[in-house]
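Enquirer: Mind having a look at this structure? Questions to follow.
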Amino acid sequence: MTKLVLIDGSSYLYRAFHALPPLTNAAGEPTGALFGVVNMLRGHLKEKPEHIAFVVDAPGKTFRDEMYPDYKANRPPMPDELRAQVEPMLEIVAALGIPILREPGVEADDVIGTLALQASAQGLAVTISTGDKDFAQLVRQPAADAGPVALVNTMNGSRMDSDAAVIDKFGVRADQIVDLLALMGDAIDNVPGVEKCGPKTAAKWLAEHGSLDGVIANAAAIKGKVGDNLRAALARLPLNRELVTIKTDVALAQAPADLALRERDADALRGLYARYGFNQALKELDGGAATGAVANREPGVARGGGFVAAAAPASQPEIAPALSAPGEYETVLTEAQLTDWIAKLQAADEFAFDSETDALDPMRANLVGLSFSVEPGRACYLPLGHDYPGAPAQLSRAQVLDALRPLLSDPSKKKLGQHGKYDLHVLRRHGIDVRGYADDTMLESFVLSAGIARHDMDSLAKRHLGYDTIKYEAVAGKGAKQIPFSQVAIDDATRYAAEDADITLRLHRVLRAKLQAEPTLEAVYRDIEMPLVPVLARVEANGVLVDADELRRQSAELGRRMLAAQQQATELAGRSFNLDSPKQLGALLFDELKLPALVKTPGGAPSTNEEALEAIADQHELPRIILEYRGLAKLRGTYTDKLPEMVNPDTGRVHTSYHQAGAATGRLSSSDPNLQNIPIRSEEGRRIRTAFIAPPGRKLVACDYSQIELRIMAHLSEDPALLRAFAEGADIHRATAAEVFGKPIAEVSGNERRAAKAINFGLIYGMGAFGLAKQLGVGRGEAQDYIALYFSRYPGVRDYMERTRQQARDAGFVETVFGRRLALDYIHARNAAQRAGAERAAINAPMQGTAADIIKRAMVQVDAWLADNRERALMILQVHDELVFEADADFVPILLEQVPALMSGAARLRVPLVVDSGVGDNWDEAH
DNA sequence: CGAATCCGTAACGTC
DNA sequence: GACGTTACGGATTCGA
């Protein structure tokens, strides 16, 4: 069969340039790319093709630029060392007798595509020589009426010549390649695809939905972040497909038959080879028969299969869209401007402010600038610490803060912000005690729509103002290239920071109106959330003293025991494996050892979780060892290794961060580190609490609500039996057992109490018979009997639960005792499992949320009481139903008298709120 | 191409 | 039920 070789010249030139070291000839001219291309060409000529063409891009715009002005906009200009090699390359190609094609208005790709299909139709065997993966769309197997079209990449020796090879490489058929590329996009050509969608994801979608049109039609059903990204990119996908489709119908002067390989010009070649120092090629030219494929000596070969993806040097980082200012933003650099703005702030009823810093951790961040806004569309940025070379002179931080202090610390001067707790920390650490922090848009949003929305400023601006804010990444970059805000150009910083203050103010106007329309919610916001802000800031700033040496000792011991467990596991398995990898463990247990896989992960794989391992622990020793190892690894990896790292070098203490708008139920959450999940249940876990200590002369005091959620259930359900039990101060689990099992309290067995306790917890969590059965280790029927029995004894509870479910279905939300609304997104989900989950949440949320409201109120009151005793006692932790204090030893009795009383009095329910407390030198002892 | 980074999953600590 | 953190492993993107 007659052969036609089509060479993608530009692609090779670029790839050879980047793949090969920057070689030069004796005269110092760059030759690396040339060398690569020459070797590639010699490789092809060995195959003695009858027809061949070297195709390069013609200068000027193409039809793709017409279609999409930004096409290849990111591509930097050709480096000079490469440009210098273009002419010599063409000279060599010509001297080799290879026809050169340059077609204006289209790209080399389109010329190759057109010729390839024409030749194939004429029965020729076509080889496209390129490093560009896009050509996979042209691959054809030989057919009765058409010749094959194959791809080769001589840089790495790969060859793609069949449907199977395309599928093997890309996971889709050749005719789906354009769809695949449209989804992926192409950074080099500046064709943005679906973010986070690479070859794997695109191939998966195409396998499911057949084609790009199929994917577009089913876009709504695709989950996760990439699903969102897909929907955001939907509009441009058809254009993408056009851009990546290689044309096969270009009107060309040449037909395949015109591309015959001509006689080479040996003299010209000899001169060129000599000039560029291609000794091997020269020898071959004169000696005639060289042996072996020259191409295989290229350094690129060793790296193995796959097409090289990048043709051009790295593109510029994406340029942010013009930072369009929605309002008038002023950079304050002079005293006159500052005076002017202070006057504006003084005159305003309220103003928004925001701080810019050089770190996320408010306990470490330094102030870089402040922004203010007094009316929508007007804001200023006051740079204080920009220190890049060439930064304009800025006002002195100390003087500016002194000038602002009266304003910021005046309680009657109302301020508002977005997540102002952060700013309160930063300013406090710079000597300003902010008072009069009156409104916070994050908390307004949280109270208005907990459970359904995000409450960060970017989301709020989009949702309530329809406005796209400037993203932090747009001014500071991201990843490894991110610069601290102090290095951001002041002009960019002004647009970003002033916008923050401006948007905060505008958002507040919108959100305040929404809150005013809902008096109950407004009360939750005004009476519970806002007063808590400075309290949380204080608790965080106080921090907790941690005995790092004790933790290190524990780490060392845990490490020894982990090693022992690992050795035993290796022994039992007969080989080493990664004990931390559920995947490897699953393969070992279920594939190699053939143990039964009784539990599945949500993803359908055999689970290796605790339940699954317990279930097979009687059949093999290994599961027990794994469980032992896991327990130790958890403690070490999460706590004993990590906590010492979290000690703040300035304060010597650990400062967690409480998220006030974190949990859908109104609870706080804690992170960096999370101090709300320090172990307590297991003996060895509990030891970690001994490392949370009081300094000499002080004690830790822990006060916790006893059974607060069950008490709230009693209150909400008004069930007489439950109310009575709490009123009598009974051991509630024992009392429940007595009711359910129909015997006097004194005769309840330990086992019966345990069962009752499990039922009580199950109720709080909205657990069904299935969950309870699991918890108790009994059959589902038996668990169902317990529940039925429970409801017959506590009919008020049963009615309350049904009312709550109904309320959730009717209104889409449930409420706490204080009127906080908790939205239930999936209460009407089509998916039954999702719906059931939402119903369980509906049961749980009012109890959990009311408990959260109560302890928040208590914290505010306790903090107010402590205001006069800040040197003697500090509130240092909150763990959902527990408050922990550090107090002078002689102040402890007073604390023990006051705090439990304040906590009990934080709400008036139909049952008493009992608070237990304990004292010790460490957190473990304080329980 | 390899390295860095992002993302989802599995597991598990607390209340 | 509500969280946050860890580790892994695969996918994506960066950077040269």
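Going by our numbering, the first sequence opens with residue 31, and the numbers climb by one from there.
Positions of the beta carbon are idealized from the N, C-alpha and C atoms, including for glycine.
Predicted model, so just to flag it, every value in this text is computed and none were measured.
#1: Is the beta carbon of A751 less than 9 Å from the beta carbon of E769?
#2: Return the CA-CA distance between P422 and F165, expressed in angstroms with no decimal places.
#3: So L730 packs on V914, CB below 8 Å; how close in whole Å?
#4: What is the rounded straight-line gap between the Cα of M889 and the Cα of V565?
#5: Answer with buried or exposed for A528, where buried requires no fewer than 16 other C-beta atoms within 10 angstroms of its C-beta.
#6: Taking the Cβ atom as the reference point for each residue, do D883 and I558 lie within a distance shorter than 9 Å?
#7: Between the segment 106-117 and the segment 129-141, can you find at least three pairs of beta-carbon atoms closer than 8 Å?
#8: Whole angstroms are fine: how far does the CA of N309 sit from the CA of H48?
#9: Thinking I128 and F84 are a contact (beta carbons under 8 Å), I'd like their distance in whole angstroms, please.
#10: If I follow the unbroken beta strand (DSSP E) through L446, where does it start and stop?
#11: With three or more C-beta pairs closer than 8 Å as the rule, is the segment 543-559 touching the segment 619-636?
#12: To the nearest angstrom, report how far apart K508 and I500 are at their CA atoms.
#13: Where DSSP assigns a beta bridge to C733, which residues make up the other side?
#14: If you follow the alpha helix (DSSP H) that T387 is in, where does it begin and where does it stop?
#15: Under 8 Å Cβ to Cβ from L562, same chain only, skipping five residues before and after it: list those, please.
#16: With a CB to CB cut of under 6 Å and the five nearest residues on each side skipped, what residues in its chain are close to A627?
#17: For Y418, is the classification buried or exposed, using 16 other Cβ atoms within 10 angstroms of its Cβ as the cut-off for buried?
#18: In terms of residues, what are the limits of the beta strand (DSSP E) holding R660?
#19: Checking 9 Å against the spacing of the C-beta atoms, do Y42 and L273 come in under that value?
#20: By a C-beta neighbour count over all protein chains shown, 10 Å radius and 16 as the cutoff for buried, is P413 buried or exposed?
#21: Is it buried or exposed, A956, if we count other Cβ atoms within 10 angstroms and call 16 or more buried?
#22: Where A176 and T32 are concerned, what is the direct C-alpha to C-alpha distance, given to the nearest angstrom?
#23: Which of the three DSSP states is assigned to H689 in this structure?
#24: DSSP three-state label for N220, please.
#25: Got a sec? Which residues, its chain only, sit under 6 Å from G826 by beta carbon, not counting five neighbours each side?
#26: Measuring CB atoms only, is the segment 869-883 touching the segment 834-850, in the sense that at least three cross pairs come out at less than 8 Å?
#27: Quick one: what does DSSP say I723 is sitting in, helix, strand or coil?
#28: Note down, in chain order, each residue of its chain lying with its Cβ closer than 6 Å to the Cβ of R851, except the 5 sequence neighbours on either side.
#29: If you count every other CB in all the chains shown that lies within 10 Å of the CB of G215, and 16 or more means buried, which is it?
#30: Taking the alpha-carbon of T720 as reference, which of R583, G58, A262 and K492 has the nearest alpha-carbon?
#31: Going by DSSP in three states, K91 sits in which element: helix, strand or coil?
#32: Give the single residue among K102, A724 and K255 whose Cα lies nearest to the Cα of I218.
#33: Does the Cβ of T369 have 16 or more other Cβ atoms within 10 Å, making it buried, or fewer, making it exposed?
#34: Identify every residue that forms a DSSP beta bridge with D470.
#35: Assuming D734 and E912 are in contact, meaning their beta carbons sit under 8 Å apart, how far apart are those beta carbons, in whole angstroms?
#36: By DSSP's criteria, M905 is part of a beta bridge. Which residues make up the other side?
Expert: Quick look at the numbers:
#1: Along the first sequence, read from residue 1 onward, the residue named residue 751 stands at position 721. Along the first sequence, read from residue 1 onward, the residue named residue 769 stands at position 739. One thing to note: A751 has its Cβ within 9 Å of the Cβ of E769.
#2: Taking the first residue of the first sequence as position 1, residue 422 is located at position 392. Taking the first residue of the first sequence as position 1, residue 165 is located at position 135. Spanning the two alpha carbons is a distance of roughly 52 Å.
#3: Locating residue 730 in the first sequence gives position 700, counting from the first residue. Locating residue 914 in the first sequence gives position 884, counting from the first residue. That pair is a contact at about 6 Å.
#4: On the first sequence, residue 889 is found 859 positions in, with the first residue counted as 1. On the first sequence, residue 565 is found 535 positions in, with the first residue counted as 1. Roughly 7 Å between the two C-alpha positions.
#5: Locating residue 528 in the first sequence gives position 498, where the first residue counts as 1. Answer is buried; the Cβ neighbour count reaches 16.
#6: Along the first sequence, one-based indexing puts residue 883 at 853. Along the first sequence, one-based indexing puts residue 558 at 528. Yes. Within cutoff.
#7: The answer is no - the segment 106-117 does not touch the segment 129-141, with fewer than three Cβ pairs under 8 Å.
#8: Walking along the first sequence from the start, residue 48 turns up at place 18. Walking along the first sequence from the start, residue 309 turns up at place 279. Roughly 22 Å between the two C-alpha positions.
#9: Mapped onto the first sequence, residue 128 falls at position 98. Mapped onto the first sequence, residue 84 falls at position 54. Taking the Cβ atoms as the reference, I128 lies roughly 5 Å from F84, within the contact range of under 8 Å.
#10: Taking the first residue of the first sequence as 1, we reach residue 446 at position 416. For L446, the enclosing beta strand (DSSP E) has its first and last residue at K444 to G447.
#11: Counting C-beta pairs closer than 8 Å gives fewer than three between the segment 619-636 and the segment 543-559, which falls short of the contact rule.
#12: The count along the first sequence starts at 1 and reaches residue 508 at position 478. The count along the first sequence starts at 1 and reaches residue 500 at position 470. Taking the straight line from one Cα to the other gives about 14 Å.
#13: Numbered from its first residue, the first sequence carries residue 733 at position 703. Beta-bridge pairing links C733 to L913 and S947.
#14: Here residue 387 refers to the residue found at position 357 of the first sequence. Where T387 is concerned, there is no enclosing alpha helix (DSSP H), although the beta strand (DSSP E) around it starts and stops at E380 to T387.
#15: Taking the first residue of the first sequence as position 1, residue 562 is located at position 532. Closer than 8 Å at Cβ, skipping near neighbours: Q690, K886, M889 and V890.
#16: Here residue 627 is taken as the residue at index 597 of the first sequence, counted from 1. If we look at A627 and ignore the five residues flanking it on each side, its Cβ neighbours are F620 and P636.
#17: In the first sequence, residue 418 corresponds to position 388, counting from 1. Exposed is the call here.
#18: Here residue 660 corresponds to residue number 630 of the first sequence, with the count starting at 1. Per DSSP, R660 belongs to no beta strand (DSSP E); it is in the alpha helix (DSSP H), L652 to K664.
#19: If you number the first sequence from 1, residue 42 lands on position 12. If you number the first sequence from 1, residue 273 lands on position 243. No, they are not a contact pair.
#20: Translated into positions along the first sequence, residue 413 becomes position 383. Flag for P413 reads buried.
#21: By one-based count along the first sequence, residue 956 stands at place 926. Residue environment: A956 is assigned as buried (16 or more neighbouring CB atoms within 10 Å of its CB, all protein chains considered).
#22: Numbered from its first residue, the first sequence carries residue 176 at position 146. Numbered from its first residue, the first sequence carries residue 32 at position 2. The alpha-carbon atoms of A176 and T32 are separated by roughly 12 Å.
#23: For the purposes of this step, residue 689 is identified with residue 659 of the first sequence, where counting begins at 1. Correct three-state label for H689: strand.
#24: For the purposes of this step, residue 220 is taken as residue 190 along the first sequence, with counting starting at 1. N220 falls in the coil class under three-state DSSP.
#25: As a position in the first sequence, residue 826 is number 796, starting the count at 1. Within its own chain, the residues whose Cβ lies closer than 6 Å to the Cβ of G826, once the five positions on either side in sequence are excluded, are S747, E748 and D749, listed in chain order.
#26: They touch, by the three-pair rule.
#27: Here residue 723 is taken as the residue at index 693 of the first sequence, counted from 1. In this structure, I723 counts as strand in the three-state DSSP scheme.
#28: Numbered from 1 along the first sequence, position 821 holds the residue referred to as residue 851. Hits under 6 Å: F843 and E845.
#29: Translated into positions along the first sequence, residue 215 becomes position 185. Around the C-beta of G215, 16 or more other C-beta atoms lie within 10 Å, and the residue is accordingly described as buried.
#30: Mapped onto the first sequence, residue 720 falls at position 690. Comparing Cα positions, the closest option is R583.
#31: Residue 91 sits at position 61 when you count from the first residue of the first sequence. It is a strand residue.
#32: As a first step, residue 218 is located in the first sequence; it is residue number 188 there, counting from the start. Out of K102, A724 and K255, K102 has the C-alpha closest to the C-alpha of I218.
#33: Taking the first residue of the first sequence as 1, we reach residue 369 at position 339. Exposed, by the Cβ-count rule.
#34: Position 440 of the first sequence holds residue 470. DSSP, once it has assigned bridges, lists G447 as partnering D470.
#35: Taking the first sequence and counting its residues from 1, the one referred to as residue 734 is at position 704. Taking the first sequence and counting its residues from 1, the one referred to as residue 912 is at position 882. Correct: roughly 4 Å between the Cβ atoms.
#36: Translated into the one-based positions of the first sequence, residue 905 becomes position 875. Beta-bridge pairing links M905 to F915.
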